[in-house]
Structure formats: C-alpha cells, structure tokens
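K.L.:
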Ligand SMILES: *[C@@H]1O[C@H](CO)[C@@H](O)[C@H](O)[C@H]1NC(C)=O
Ligand SMILES: *[C@@H]1O[C@H](CO)[C@@H](O)[C@H](O)[C@H]1NC(C)=O
Ligand SMILES: *[C@@H]1O[C@H](CO)[C@@H](O)[C@H](O)[C@H]1NC(C)=O
Ligand SMILES: *[C@@H]1O[C@H](CO)[C@@H](O)[C@H](O)[C@H]1NC(C)=O
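Residue numbers (mature numbering (1 follows the signal peptide of the UniProt record, and there is no 0)): -17 to -1, 1 to 362.
1. Do the region 155 to 167 and the region 285 to 292 touch if we need at least three Cβ pairs shorter than 8 angstroms?
2. Can you tell me where the alpha helix (DSSP H) holding residue 326 begins and where it ends?
3. Which same chain residues, not among the five before or five after residue -9, have their C-beta less than 6 angstroms away from its C-beta?
4. In the DSSP assignment, what are the bridge partners of residue 45?
5. Under the criterion of a Cβ to heavy atom distance below 7 angstroms, does residue 216 qualify as lining ligand 3?
6. Can you give, in chain order, each stretch of the alpha helix (DSSP H) that sits fully within the region 115 to 176 and has at least 4 residues?
7. So what does DSSP say about residue 1, is it helix, strand or coil?
8. What residue range does the beta strand (DSSP E) around residue 235 cover?
9. Buried or exposed for residue 282, please, with buried defined as at least 16 other CB atoms from any protein chain shown within 10 angstroms of its CB.
10. Report yes or no: do the region 300 to 309 and the region 345 to 362 share at least 3 C-beta pairs separated by less than 8 angstroms?
11. Is residue 134 near residue 207, with beta carbons less than 8 angstroms apart?
12. Taking 5 angstroms as the limit, tell me which residues put their C-beta closer than that to any heavy atom of ligand 2, in chain order.
13. With the cut-off set at 8 angstroms, would you say residue 223 and residue 234 are in Cβ contact?
14. Can you list, in chain order, the residues of its chain with a C-beta nearer than 6 angstroms to that of residue 198? Leave out the 5 residues immediately preceding and following it.
15. Using a Cβ-Cβ distance under 8 angstroms, would residue 79 count as near chain C?
16. Which whole-angstrom value describes the C-beta separation of residue 232 and residue 256, a residue pair presumed to lie in contact below a C-beta threshold of 8 angstroms?
17. Is residue 355 helix, strand or coil when you go by DSSP?
18. What residues match up with residue 198 in a beta bridge as DSSP calls it?
19. Write down every uninterrupted run of the beta strand (DSSP E) in the region 50 to 98 whose length is 3 residues or greater and which is fully enclosed by it, in chain order.
20. I need the boundaries of the beta strand (DSSP E) containing residue 285, first residue and last residue.
21. Closer than 6 angstroms by C-beta to residue 338: which residues in its own chain qualify, once you throw out the five before and the five after it? Chain order, please.
22. Is the beta carbon of residue 368 less than 8 angstroms from the beta carbon of residue 228?
23. Are there 16 or more other CB atoms within 10 angstroms of the CB of residue 98, so buried, or fewer, so exposed?
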C-alpha cells in the first residue's frame, strides 16, 4: 500500500479580516535533523511543548519544518541549540503569511476565470457538484456512491469508474483517497485530476488504465475538517467530531491514527486537544469507517490503495512501525517507478521524491490507513 506526500505547500485561503489572528506571531523554522535521535528530540518537543511539525524531515537528508507559538519559541530554539541542531527561520509570522497567500489566491482566481477544478482548492460543494456532473456525463463508465454522512452531516461520496461496472472479478481495483487530513488541501485536486484524466481527457496511451482496471476515487475523506480549514482555521488537521465523554473542550480525531491497526501505540498523544489524538477507540470516526468499509467490500480485488497526503515529496509504504511487509521489495520497486515519473515532471526548484518505509523515512506511527489496508488485504 502506498501513500503519497505531495510537493506543494497548500497555503491558500479566502480573505476574511482577522481570520488568521490565532496564528499571529507564530513562526516556522527549518530544522537540520541529522539522524534518528534528532527526529526523536523533535517528537519529544511535539509531545512536551506542543509544537506543530509541518514536515518531519529525514535525518541527514532533508530538514524538518516546525511551527511554534510565540510562547513556545524560546524553549524550542534553546532545546535545538543545546543539542547542537542547526536551524533557520522559515516564516516569521504565520498569520501574515496566510494573509499574503490568500491575496495571491484571490488575484490568481480573478486572472484565470475558466480554470479547471483541479487548478484550485475547490470547496466541498464544488467537488460534490463536479462528481455529480461526471456521473451524469459518463453513465456507462461511472457510478457515484454516497458512503453516508460525515459527523456534521456532509455526504461523503466516491466514484466507481469501470468499463464493466465492476462485474469483471479478474480486474484489479485501484482505490485512491484524499483529504483525510483537513489542512492538506493539495490532495483533493490530485484525486480530481485523476478523474479528469481517466474520463474527460483520456490519452490514447492511457486507455489500458480504463480498460483493465476498476477505479474507486474518494476525493474528500474528511469534509468537516476541510470546510473548517477553509472557513475558520487553515491549519486544522483532524475530524470535527464531538465526544463529551472524551473532552468538553477539544474536538476531533486524527483520522490517520484512528484505524484498527496497532491502535494507540506509537506516534499518538492521549490528550484530546492534540493534533495526533487517535480517538477514544479504533474507528470511532464515521469517516474512517467509510474507508474501512470500502477496503473490506472490495478486499480480494484491491491491488493498490493510495492514501494521498501532503506536504513533502515522498512515496511511503508500510508498516509504520518500521517492520517491512512481505512484499516490501515489490512495493519499493513500484514506488521508485512512481517517484521517477513524478520527478521527470517536477518543477526545477522542487525536490526529488524519496521512496521508502514510512516508519524509517519519516517517523513511526500507528492506526494509519495504509497499514490497516496492507494487513487486511494480506498482501
Ligand atoms: C451497475 O451495477 C449496479 C448494481 O451493482 C446497477 O445498479 C447499475 O445500474 C449498473 N450500472 C450500469 C451503468 O450498468
Ligand atoms: C458516553 O458514555 C456513555 C456512558 O458510558 C455511553 O452510553 C455513550 O454512548 C458515550 N457516548 C459516546 C459518544 O461515546
Ligand atoms: C492510549 O494509550 C495511553 C498510554 O498507554 C493510555 O493512557 C490511554 O488511555 C490510551 N487511550 C485509549 C483511547 O485507549
Ligand atoms: C509492525 O506492524 C505489523 C502490522 O501491524 C505487525 O505485523 C508487526 O508484527 C509489527 N512489528 C513489530 C516489531 O511490532
């Protein structure tokens, strides 16, 4: 099972005065992590200080990127200095940076009136309308499925794309989902572009992708969190579920820690206010239940499950506890081919894709969607 992390920083917004004030004087730092022990220190600072790690970095290869509040800044930088870890300022004031990006997006939108849906960060309703239109335009190829309502009642829909209406059991199924983490805005356009290329703009050399494979594409796993990140808090990551047994103060669960695989063991925080709170129990979130149900419904036929995240250009595979699955060499080979193709089209200033086991390349976690899929699919 592969997981993408994309190169783009999805830092774009709609303009509302004072909307980003919660991040006034928050700063973001590049941290030159040298090895696993530096990464461990960052994990500890995340736990003890509550800093927000935007990109985890790879020891000796790639910097980590960390956001700190004005109150956290001093202790954070002191801890880095004491441990001889080099760092540099990346963003001085996150609120100001968010406002600038919002203005950039507004001028981009007014200069390109007829942009395609995947050339923007479309809201939930626009994505919904697009999927409805695609299903109506290609009735012989597309089935629109409503998995059910999110916690706040938004329908979570996915497209099934097939030349044989999923009846040919010999065809493999590719399952792609996006926007499990609300702030990872760039992921939904990837899912939408895939739909576009399979249906609206299919190239002759890609015909086999349609003929020989059945596709399931779920562009927004976590619509409540995504909408909240658009309207209220750009850096929201979790779902928006309220569980008064758990907390009267903080809401939401990290959906990608909520799957029933080594649940609540590593890379999670017990505090419900944390961005990495795995939930009161595995599959406490209706949104992760829908992903599970799709995986289980199509179990023997799913050959590829692609859970798309951002940001950082990585192709990552299981398991998140640093143990390799039996088909690791095979997945690595496919991941390397994917990375090489993406590299061949990348912007000159973008970095190359790194391919590897998620626990070794980034950091160990538990309860993740890709691990759950890998184990359930017994690949
Ligand atoms: C595909 O199959 C489903 C039943 O599984 C049926 O409801 C639907 O009408 C079929 N679609 C097409 C295009 O044949
Ligand atoms: C909260 O706890 C009560 C009593 O144990 C239980 O009946 C209820 O289902 C719980 N609510 C949630 C949302 O888990
Ligand atoms: C998660 O693990 C921690 C540490 O073992 C424990 O304190 C906490 O109660 C656990 N949470 C859940 C929901 O099981
Ligand atoms: C890592 O996770 C996988 C999948 O849950 C499990 O099979 C394996 O035993 C775990 N390895 C260790 C060392 O815990």
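By construction, the Cβ of each residue, glycine as well, lies at the ideal position given by its N, Cα and C atoms.
P.N.:
Looking at the coordinates:
1. As far as the Cβ criterion goes, the region 155 to 167 touches the region 285 to 292, which means the pair count is three or higher.
2. Note, residue 326: alpha helix (DSSP H), 311 to 327.
3. Low confidence applies here, because residue -9 scores a pLDDT of 35, under 50, leaving its location unreliable; read the following figure in that light. For residue -9, where only same-chain residues beyond five positions count, the Cβ hits under 6 angstroms are 294.
4. 41.
5. Between ligand 3 and residue 216, a heavy atom-to-CB distance of less than 7 angstroms is absent.
6. The region 115 to 176 is shown to contain no whole alpha helix (DSSP H) run of 4 or more residues.
7. Residue state, collapsed to three classes: coil.
8. No beta strand (DSSP E) holds residue 235; DSSP gives it neither H nor E.
9. Counting Cβ neighbours within 10 Å, residue 282 comes out exposed, since fewer than 16 surround it.
10. Yes, the region 300 to 309 touches the region 345 to 362.
11. The answer is yes: Cβ separation under 8 angstroms.
12. In chain order, the qualifying residues are 226 and 228.
13. One thing to note: residue 223 has its Cβ within 8 angstroms of the Cβ of residue 234.
14. Answer for residue 198: 144 and 157, listed in chain order.
15. The structure shown contains no chain C; it is built from a single protein chain.
16. About 7 angstroms separates the two Cβ atoms, so the contact holds.
17. If DSSP states are grouped into helix, strand and coil, residue 355 belongs with the helices.
18. DSSP, once it has assigned bridges, lists 144 and 157 as partnering residue 198.
19. Along the region 50 to 98, the beta strand (DSSP E) occurs as fully enclosed runs of 3 or more residues at 70 to 74, listed in sequence order.
20. In this chain, the beta strand (DSSP E) harbouring residue 285 covers 285 to 293.
21. For residue 338, where only same-chain residues beyond five positions count, the Cβ hits under 6 angstroms are 298, 318, 319 and 322.
22. Residue 368 is absent from the model: the chain starts at -17 and stops at 362.
23. Exposed: under 16 other Cβ atoms inside 10 Å.
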